[in-house]
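Structure, as structure tokens:
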Amino acid sequence: MVKRSSEDSRLARLSEVALRLPEATRKIYGSHAQFLVCNRTLAYFLDNHHGDGVVAVTCKVLPGDNKALAEAQPGRFYLPAYLASKGWVALRLDIGKVDWKEVRDLLLGSYAQIAPNRLAVKLKRLDLP
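The number in our numbering is simply the position in the sequence shown, starting from 1, with 34 added.
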């Protein structure tokens, strides 16, 4: 993956991790990005979505975990519009120091739920940053 000079450094780092997942792809939509596996979305990078001024990554989590994370750490996690009811959570990347291990873990968890089993089993063999 070649980083465009104008690409947000947080998107570049997120892409670095996400695109190491088996058969993962990325689509860019202006300042946003969608990460997919087998044409199913595993994460979104949102930058000022609907003018909210927030930069975040959204991922699918286990049932109930999205609400628990948002309630426990409301300054970092929130329930994304349209997706929260489907078990997604958003982690802000625009406040404080980003814990990239945490971002990686969210991506891995989302991938494990979204990817076909033949790909999800490969996660154990990956060496991700």
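From the three backbone atoms N, C-alpha and C, an ideal C-beta is built for every residue, glycine too.
- Between the stretch 57-69 and the stretch 103-110 there are fewer than three C-beta pairs closer than 8 Å, too few to call the two in contact.
- Between G121 and V88, the beta carbon gap of about 20 Å keeps them out of contact (Cβ cut-off 8 Å).
- Between R152 and L141, the alpha-carbon positions lie close to 17 Å from each other.
- It is roughly 27 Å from the alpha-carbon of G130 to the alpha-carbon of K61.
- For secondary structure counted as the alpha helix (DSSP H) over 4 or more consecutive residues, the stretch 94-133 holds these complete runs in sequence order: 99-106.
- Closest in alpha carbon position to N73, among T59, H84, N82, is T59.
- Residue pairing of Y78 in beta bridges, as defined by DSSP: Q68, T92.
- Secondary-structure assignment with DSSP links I62 through a beta bridge to A67.
- Distances from the CA of A118 to each of Y78, P56, D42, R44 were compared; the closest alpha carbon is that of Y78.
- In the structure shown, R54 falls within a coil segment according to DSSP collapsed to helix, strand and coil.
- In this structure, A124 places its C-beta atom within 8 Å of the C-beta atom of A90.
- Nearest in C-alpha terms to S43, of all of A146, Q147, G143, W134, is W134.
- Going by DSSP, N151 is part of the alpha helix (DSSP H) stretching over 151-154.
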